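See below for the structure under consideration.
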Amino acid sequence: MVRLLFLLVGLHSLECPPDTTEYENACVPSSCLFNGTICGGHGTCDDYGVCNCDEKYSPTHSGCQPAACVDGTVLCNGHGECREQPNGRYKCECDPGYELYNSAHYCMPEICVTGNWLCNGRGICIVDSEEGPHCQCDDTSEGDQCEICAKRGVLVGDRCIYDKCVTTYPDGTQDECGGMGICMSYNWSYICRCDPLDAITLGTFTCVSNNCISDNLSEGVCNRHGYCKGEKCVCDDGHEGKLCEISTVGCDEDETLVGGVCYPTKCITNSTGPTVVLCNNVGTCNFRRKECKCPTEYSGEQCEICSPGATRVDDACIDNACITDESDGNVSVCNGHGKCVQGESGSVRCRCDRGYRNVDTLTCASKGCISTTSVLCSNHGLCVDDACQCEDGFSGKHCENYDNCPVDHQYVLGYCVPNVCVTTYSDGFKAICGGYGHCVEKEDGPTCECIKDGRFINGACVSDACITDEENDIVCSNNGQCKGGVCNCELTSQSRTCAVNKSQ
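All you need for the numbering used here is the position in the sequence shown, starting with 1, plus 699.
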């Protein structure tokens, strides 16, 4: 029940606060008053000025009204009045020119109502416009109520379908998208959207049931000896079976009958087993051309030999780009730790096994053999049993150390470098002159000679981008190291110059 705001200002006058109105000697929220009644007489007003309607009533712009007449918050779609019927129920009585459509609460222009559909289901009803109520037809229909198929529309059942979406069968009947999809507008034209679970798309305007397609798509719809209608094959004369795969009149001269099925003779590799083998199980038999289509690594009439650019490894032809020559004279695929696969561009690459990674696109190696610079054993060893076996004179996990450098020298990036020219970072990585200079021999000994945008500070060449105080030669705010032209900070939360926020 609404909380009544009694403001006693004398016996005969009542002054109400803003947004409230006097009603029966009390101030009530104005939002709850409709035609001099609270909530239209069928509800109560809460403390927030919202009507809580009685059972079987709904809130509208005119208070609580019978729910049977309400659509959303509009009574009779705004074009009628709600009347109680002799049976005690309510329904809308529509204004002249309007009639009930498909319910007791929806008054629509009578020009739009066509049985259980608006505009025959081929358009939308425009209710409020300067032209008056009318049907706006889709591209395939025309007429006052969209009752006529337009030039590009074909009547299929009770719908006008865009002509290219219509499948016409040899028996003269027609269907929308082969009976396995719907025709829908797309990019100013139409396409067939096929049932994603039970059909496949052949072209833009054809949906074919999965029941009409064999596992080998090259055999075509219904094995090219019939057509698909709905969810099953209708076979040509002389063929039968679920996929029209059985010939009842014999095969062509260049075909062989195996298990009741005519196969192109050129494709048959073996017909004596439980299932016929076509194209050595590596190629695809093209039933229209009656020949094998081989992968690029295979050739021959039945894909029985390797192409010139491939090598046979374990009964499979592998692109030579993925072949690795092993030290024992044998060959392996992707170093024995991956598979040779074809990329989208047509080129091949190695897809490495778990625990291995690409050094390059055609080499797989154990992660334990790959250095931080993604070089296999620093190019000075072999990866054997997940570890580097280094050449004579080299050592370290990744063969990164050369043991025969002169005194006061270190092996860095393939060179014996004087210690004074070596920059060692906190992660153990080493660079020559900080990566921004060259080590040169001077009269007084070796030193770093910086490149154009480098500056010699604290024994290393530093990029200008890392210098935070030129006057005092401060690098990375004294809170990091310059590596690769950027500051590597001691704390990852610091800025790109490693400056410390004093508020922290």
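Backbone N, C-alpha and C fix where the C-beta goes; we use that ideal spot for every residue, glycine too. All values derive from a computational prediction rather than experimental measurement.
Could you give the distance in angstroms between the alpha-carbon of Cys845 and the alpha-carbon of Asn815? As a working note, residue 845 is residue 146 in the sequence shown. As a working note, residue 815 is residue 116 in the sequence shown. Approximately 14 Å between the Cα atoms of the pair.
Give the secondary structure of Glu721 by DSSP, where H, G and I count as helix, E and B as strand, and everything else as coil. As a first step, residue 721 must be located in the sequence shown, where it is residue number 22. Three-state result, Glu721: strand.
Return yes when the Cβ of Thr1010 is within less than 7 Å of the Cβ of Ile1017, no when it is not. Within the sequence shown, residue 1017 is the residue found at index 318, counting from 1. Within the sequence shown, residue 1010 is the residue found at index 311, counting from 1. Yes, they are a contact pair.
Restricting to Cα atoms, I'd like to know which of Gly1183, Cys1186, Pro963, Phe1155 is closest to Asn1171. Against the sequence shown, residue 1171 aligns to sequence position 472. Here the closest residue by C-alpha is Phe1155.
Cβ-Cβ distance between Pro808 and Pro832 below 7 Å: On the sequence shown, residue 808 is found 109 positions in, with the first residue counted as 1. On the sequence shown, residue 832 is found 133 positions in, with the first residue counted as 1. Contact: yes.
So what does DSSP say about Gly740, is it helix, strand or coil? For this step, residue 740 is matched to residue 41 along the sequence shown. Three-state DSSP puts Gly740 in a helix.
To the nearest whole angstrom, what separates the beta carbons of Gly742 and Cys750, a pair I think is in contact under 8 Å? To locate residue 742, count along the sequence shown from 1; it is residue 43. To locate residue 750, count along the sequence shown from 1; it is residue 51. The pair is a contact, with the Cβ atoms about 5 Å apart (cut-off 8 Å).
Cβ shell of Glu792 (< 6 Å), same chain only, five flanking positions each side left out: For this step, residue 792 is matched to residue 93 along the sequence shown. Cβ within range, chain order: Gly779, Glu780, Arg782.
By alpha-carbon positions, which one of Asn886, Gly1158, Val920, Lys850 ends up nearest to Gly877? For the purposes of this step, residue 877 is identified with residue 178 of the sequence shown, where counting begins at 1. Closest by alpha carbon: Val920.
When Glu1169, Thr1196, Asp1168 are compared against Gln1180, the one with the closest alpha-carbon: Counting from 1 along the sequence shown, the entry for residue 1180 is found at position 481. Selected option, being the one with the closest Cα: Thr1196.
Select from Ser802, Cys848, Thr1167, Cys806 the residue whose C-alpha is nearest the C-alpha of Asn819. In the sequence shown, counting from the first residue as 1, residue 819 sits at position 120. Checked all of Ser802, Cys848, Thr1167, Cys806; the closest Cα to Asn819 is Cys848.
C-alpha distance - Asp718 paired with Asp753, whole-angstrom precision: Reading the sequence shown from its first residue, position 19 is the one you call residue 718. Reading the sequence shown from its first residue, position 54 is the one you call residue 753. Rounded to the nearest angstrom, the two C-alpha atoms are 24 Å apart.
Nearest-angstrom Cβ-Cβ length linking Arg892 and Met879, presumed shorter than 8 Å: In the sequence shown, residue 892 corresponds to position 193, counting from 1. In the sequence shown, residue 879 corresponds to position 180, counting from 1. With a Cβ gap of about 10 Å, Arg892 and Met879 do not count as contacting.
Beta-carbon contacts of Cys1175 that lie in its chain and below 8 Å, excluding the five residues immediately before and after: Looking up residue 1175 in the sequence shown gives position 476. Closer than 8 Å at the Cβ level, and outside the excluded window around Cys1175, lie Cys1165, Thr1167, Cys1181, Cys1186, Asn1187, Cys1188, Thr1196, Cys1197.
DSSP puts His1137 in a beta bridge; with which residues? The count along the sequence shown starts at 1 and reaches residue 1137 at position 438. Partner(s): Glu1148.
Taking just the CA atoms, how far does Cys1002 sit from Gly982? On the sequence shown, residue 982 is found 283 positions in, with the first residue counted as 1. On the sequence shown, residue 1002 is found 303 positions in, with the first residue counted as 1. Gly982 and Cys1002: Cα-Cα distance of roughly 6 Å.
Measure the C-alpha to C-alpha separation of Gly1133 and Cys1160 and round it to an integer number of angstroms. As a working mapping, residue 1133 is identified with position 434 in the sequence shown. As a working mapping, residue 1160 is identified with position 461 in the sequence shown. Roughly 5 Å between the two C-alpha positions.
Label Asn969 either buried or exposed according to how many other C-beta atoms from any shown protein chain fall within 10 Å of its C-beta, with 16 as the threshold for buried. In the sequence shown, counting from the first residue as 1, residue 969 sits at position 270. The residue is exposed, with fewer than 16 neighbouring Cβ atoms inside 10 Å.
Once the 5 residues before and after Thr1023 are set aside, which same chain residues still bring their CB inside 6 Å of it? Mapped onto the sequence shown, residue 1023 falls at position 324. If we look at Thr1023 and ignore the five residues flanking it on each side, its Cβ neighbours are Ser1031, Asn1034.
Extent of the continuous beta strand (DSSP E) run through Glu952: The residue you call residue 952 lines up with position 253 of the sequence shown. Here Glu952 belongs to no beta strand (DSSP E), and DSSP marks it neither H nor E.
For Val957, which residues in the same chain have their Cβ closer than 8 Å to its Cβ, ignoring the five residues on either side in sequence? Here residue 957 refers to the residue found at position 258 of the sequence shown. Same-chain partners within the cutoff: Ile967, Ser970, Val975.
Kindly indicate the opening and closing residues of the beta strand (DSSP E) around His833. Locating residue 833 in the sequence shown gives position 134, counting from the first residue. Per DSSP, His833 belongs to the beta strand (DSSP E) from 833-836.
Would Asn1029 be called buried (16 or more neighbouring beta carbons within 10 Å of its own) or exposed? As a position in the sequence shown, residue 1029 is number 330, starting the count at 1. Answer is exposed; the Cβ neighbour count stays below 16.
When we look at the beta-carbon of Ser1044 and count the other beta-carbons within 10 Å, is it buried (16 or more) or exposed? Within the sequence shown, numbered from 1, the residue matching residue 1044 stands at position 345. So Ser1044 ends up on the exposed side.
Would Asp1027 pass as an interface residue toward chain D - the criterion being a Cβ-Cβ separation below 7 Å? You won't find chain D in this structure, because it holds only one protein chain.
Please go through the region 878-913 and give each complete beta strand (DSSP E) segment of 3 or more residues, from N-terminal end onward. 880-885, 888-893, 898-900, 906-908
Quick one: is Gln1259 buried, meaning 16 or more other Cβ sit within 10 Å of its Cβ, or exposed? Past the edges of the chain, shown from 700 to 1203, lies residue 1259, and the structure says nothing about it.
Is the beta carbon of Cys1115 less than 7 Å from the beta carbon of Gly1136? Working through the sequence shown from its first residue, we reach residue 1115 at position 416. Working through the sequence shown from its first residue, we reach residue 1136 at position 437. Their beta carbons are not under 7 Å apart, which means Cys1115 does not touch Gly1136 by this criterion.
Let me know if Glu723 comes out buried or exposed under the rule of 16 or more other beta-carbons within 10 Å of its beta-carbon. Within the sequence shown, numbered from 1, the residue matching residue 723 stands at position 24. Burial call: exposed.
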